[in-house]
Structures are given as structure tokens and as C-alpha cells.
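Residue numbers (my numbering): 33 to 505.
Okay, so here's the structure we're looking at.
Next comes the structure, spelled out in C-alpha cells:
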């Protein structure tokens, strides 16, 4: 029968169809499905999912088979069909391997099978680490889940410590075994922890694209989250990610805020969008240099809640602010840049003057710092100490950089800085703080009456800021 003009290429170019060109006829055939590569880049640990990395060609799907063996050549099939595998107690001490079977649609509804490719995992399955420290947190979550909060939102913000972190920073973690710092070990524990927190919104910082696309996103997608990843500028090799529960939210729009480009464009245009205290001539030379070369990005997601009677969208922000302890004014500029861009998105793309905003990230700020005060109160007065302190702090930083080398001193100084976070609402401080390594939970009510159950890990947190709080006095 003749192929209809509206048929897609997938339907038209089927094996066995005949292509007529002028007076010539050509019988169509397709290459066999194949697996170009199959790798597993992680340690096998009991109770933590394993995600293979597969590159297929001419294949419509891939079937996976997992095997376990306590001695060579004694492989026993333990799972068939599923891409991911979670090692069980009986696998501890055993070796694992995975087979990938490529399939393509054949004639009469059948499948054509390509060559099987096998990958054996390095080492043996390790016992699960001691996770008793998480028990109190998960008990709290279970208690909260037992309550019916249809209009509540649980948020978690987490700095993952990028696996391409410069060597100068690893000295801070000398107390930790090298194999525990390996991202191929940590990433599966991170996913396990995030899944058990069961947050509706997840804000991540210091995420490498490889870790995100090859493991974090696939694993969290299987658990019910969808996400957006944005890389930093230049060659940092890391970025930020926001993930949301697909059962709770629908993505309406996403926006990447490039702090470097926003700053450069604002200075070049010399418009009112650059508050007078931020005028380039008034900034310390070292801060101007740092802003010109800063790689940070911000994320803005517009999400439509799926629960009953939810009319307005919410906006989720995520970023990783400048880290040097003396870049206090730099962090204020970054916060202001992201909030101003958010206000533009609200009005120009969604026609909203105000909306519920959840701001998550690694702010590298103490509770007393100006960036935190701006988020909490909505404004900074012209006589705020941040303006006068900026020149003094950066004069000291320039002197330190001259004496010992700016890059090394920056890392050393940051190592002595313990960040803290606070959760704030329109009514002021909600009283939630967390120092490095401390975990805290607290419920906060927003202007729209949506309860935000904030989960704080690694000394990072999330803040709620009404969109109207975007002004510098």
C-alpha cells in the first residue's frame, strides 16, 4: 500500500518498504541495532542503585540483565529488564556484571535483536555504610507525611561538593577517607538521601554535568522528579540544578541568569537598572575584577502547582554566591541581579506583579551579612555598613593577594568561613539557622498560605522572598 504523505519518517522508512524513484525501485533495509559503549562508573554498594552508561545506535530500546557471582564464572541472573539495579544483602562480597541487549522494531510487530554487550563492575559489592545518623531526620519526615498537607511544599537545598574541586580545597576534608570523597561513591549516597527526604523541590549546587546527566537525573527521574541543569560560565565544569516532583508541579518556564553577562550589560548600558551604590566607579578594583570574571549562574523556574485550588504559579530560584569571606558586597550584587531578573520574568512573561518565590542556594553568608539581610527585609539603606566595609575588605584582600597569591589565599580564607542560613518570610526571621554540618527542619508560611517545610543540609537552606521585596533604597 502507498505511504500517506502525512506519515512520519519513522513510519515510512520501515524495513521491507519499497521506495520508488522514477522507474527504479529500492527495497528498504535498516542497520542492525547495536551498543556502541556500556560503562558503569560507580562503586557497588548494598542498597544503592547502579546506573549504567549506555550509548546505543539504530536501537529503539535496550534490555538490561544483571548478574552476581561469588566466584569466577559462577554468574547468577539477579535482575532482567530494568536499567538500574540495587544490590541486595546476598550480593555483598560478590562481583556484578550487566548485559545490554539492543532491540529495534522488526516486521509484523516483532523485534530485531543486536549483539549483546557485557560490562563487569570493578571490585565487589560493599556493605552499606552506617546510616543511623539519618534516622531522626527520616522519622520527622515520616511524621510530616502522615499529616495531610495538600497545600504544603517541602524544599531541600544541598551543595554536593563538585568532584572536580581544585586540589587546594581538598585539604579541608583530610578527616575523610579518600574513597569516601570519590564522587563515584558519594553520588549514590546523595541520591539515596535526597529520595528519602522526599522533598517536593530540590536545589543543588556544585553539580558537575557528568554527575547530573549520567547518574543524578536518571536516578531521580525514576523516583518521580524532573529537573533543569545550568552550567556555570567559563571552564568551571560545574553548575546548579533544580528538580521538582512531577506529581506536584508542572514546568511552565525556565530561565538561566548569567551573572557575568547581566553585570557587564548593565554597566555598559548605564541604565537605572544599576543602583548608584553599584556604579562601577564606586566599586573596589578587586571586586570589579572578581565580578568581571565570576562564573556563577542563577536559575529561575516557573512551576504550576497541581494540587486542588492552586491558581497561581510559584517561582523557584537557585544559585551559588561568591565564596570569598570578604566579597560581601559581591554577594549583594548577585542577589540583587537575580531578584531583578525574577521581577522582569514575573511581569514580562507572566503578567504578574507579585508571586510566591522560593529562593534556595549556597549563599556563603552568615545571618548577619548584607545579602541575607536584603533577602530577609527586602531592602538595604544607603548607610548600611556593607558600602563602607567593601573598600576596607577588598583593600585587605588585595594586600593578601599581593603577599601570598590571590588564588591560594582565597581558598585558605574560604576554608575558615562557616556559612549559615536563615529562612525568612514577609514577617521577618522565622528563626531557622543552621551551621555547617547541622541539619534543621522548620515549617514556614508564605504570603499565599502555602506551608514550606524547609530541609537544611550541609549548612545551606532556602528562603521565601515576596517579589515586591526587590528594591534597593
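Every residue gets a Cβ at the ideal spot worked out from N, C-alpha and C, and that includes glycine.
The beta carbon of residue 110 sits closer than 6 Å to the beta carbons of 98, 100 from its chain, once the five residues preceding and following it are set aside; these are given in chain order. In this structure, the CA atom of residue 235 is about 11 Å from the CA atom of residue 226. In this structure, the beta-carbon distance from residue 410 to residue 349 does not fall below 8 Å. DSSP places residue 364 inside the alpha helix (DSSP H), whose first and last residues are 360-376. For residue 137, the enclosing beta strand (DSSP E) has its first and last residue at 127-137. With a 10 Å radius around the Cβ and a threshold of 16 neighbouring Cβ atoms, residue 154 comes out exposed.
Counting along the chain, residue 251 sits inside no beta strand (DSSP E); it lies in the alpha helix (DSSP H) bounded by residues 249-254. The criterion of a C-beta distance shorter than 8 Å is satisfied by residue 370 and residue 330. Counting the other Cβ atoms within 10 Å of the Cβ of residue 291 gives 16 or more, which makes it buried. In this structure, the alpha-carbon of residue 242 lies about 30 Å from that of residue 359. By the criterion of a C-beta distance shorter than 8 Å, residue 91 is surrounded in its chain by 65, 66, 67, 134, 135, 136, 146, once the five residues flanking it on both sides are discounted. Take the alpha-carbon of residue 158 and the one of residue 125: they are about 6 Å apart. A contact is defined here as three or more CB-CB pairs under 8 Å, and the stretch 165-177 fails this definition with respect to the stretch 68-82. Rounded to the nearest angstrom, the gap between the Cα atoms of residue 45 and residue 263 is 38 Å.
Each residue's CA atom was taken as its position, placing residue 420 and residue 353 some 21 Å apart.
Put simply, the backbone Cα of residue 183 is about 28 Å away from that of residue 288. Within the same chain, Cβ atoms closer than 8 Å to the Cβ of residue 107 are found at 99, 100, 101, 129, the five residues on either side in sequence being excluded. Following the DSSP letters along the chain, one finds residue 42 inside the alpha helix (DSSP H) bounded by residues 41-44. Counted as a single uninterrupted DSSP element, the alpha helix (DSSP H) harbouring residue 225 occupies residues 215-229. Residues of the same chain with a CB within less than 6 Å of the CB of residue 93, apart from the 5 flanking positions on each side, are 135 in chain order.
Nearest neighbour of residue 239 by Cα position, chosen from 232, 273, 250, 257, turns out to be 273. If you look at residue 404, you'll find it isn't in any beta strand (DSSP E); it sits in the alpha helix (DSSP H) that goes 402-409. C-alpha of residue 177 to C-alpha of residue 228: approximately 12 Å in a straight line.
For the set 213, 343, 365, 96, the Cα lying nearest the Cα of residue 112 is the one of 96.
Beta-bridge partners assigned by DSSP to residue 333: 286, 348. Between residue 71 and residue 219, the C-beta spacing is not below 8 Å. Nearest Cα to residue 408 within the set 250, 390, 415: 390. If you draw a straight line from the Cα of residue 253 to the Cα of residue 56, it comes to about 48 Å. Proximity to residue 333 across 375, 190, 283 peaks at 283, based on C-alpha coordinates. With a threshold of 16 other beta carbon atoms within 10 Å, residue 165 falls short and is exposed. Put simply, the backbone Cα of residue 280 is about 5 Å away from that of residue 338. Here the C-alpha atom of residue 417 lies approximately 11 Å from the C-alpha atom of residue 400. Beta-bridge pairing by DSSP links residue 164 to no other residue.
Around the C-beta of residue 52, fewer than 16 other C-beta atoms lie within 10 Å, and the residue is accordingly described as exposed. By the neighbour-count criterion, in which 16 or more other beta carbons inside 10 Å mark a residue as buried, residue 69 falls on the exposed side.
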